[in-house]
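Okay, so here's the structure we're looking at.
Residue numbers (the UniProt record's numbering): 1 to 118.
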């Protein structure tokens with residue numbers, strides 16, 4: 001791969017890194033939560049635990065961090081004797097997810113198109 005192509009791809013990766021590091025996305029579990037909610041729209045915390053492989057305390061910490069950044073909102077609903085907590089993306093969370101997908105998509109497209117130039 002020539003130096004110009006390498007530099008372009010490195011710059012795109014740096015953009016993705018900046019997008020993630022300026023948010024609570026310094027954890028892969030939080031990114032997975034955002035992706036799961038983008039697809040499912042609304043999920044119980046117990047289901048997010050299954051998706052991420054996180055325990056209850058860990059998922060609650062991740063949810064709290066995402067809420068503090070305004071990326072998700074939660075709702076507690078009483079269901080017989082045990083309350084259920086649901087999470088969904090806010091507009092800010094949706095915007096982050098869309099920006100993230102665009103950057104990753106651009107990186108993949110550019111890296112695939114430049115593979116032929118090696």
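The C-beta atom is built at its ideal place from N, Cα and C for all residues, glycine as well.
Item	Value
Cβ distance (whole Å) where residue 44 is taken to contact residue 86 below 8 Å	6 Å
Inter-residue Cα distance where the pair is residue 100 and residue 31	10 Å
Whole runs of the alpha helix (DSSP H) within the stretch 75–107, excluding any shorter than 4 residues	none
Cβ distance (whole Å) where residue 72 is taken to contact residue 89 below 8 Å	6 Å
CB contact flag (residue 96, residue 34, <8 Å)	yes
Where the beta strand (DSSP E) through residue 44 begins and ends	42–44
Endpoints, the alpha helix (DSSP H) within which residue 70 is located	Counting along the chain, residue 70 falls outside any alpha helix (DSSP H), and DSSP gives it neither H nor E.
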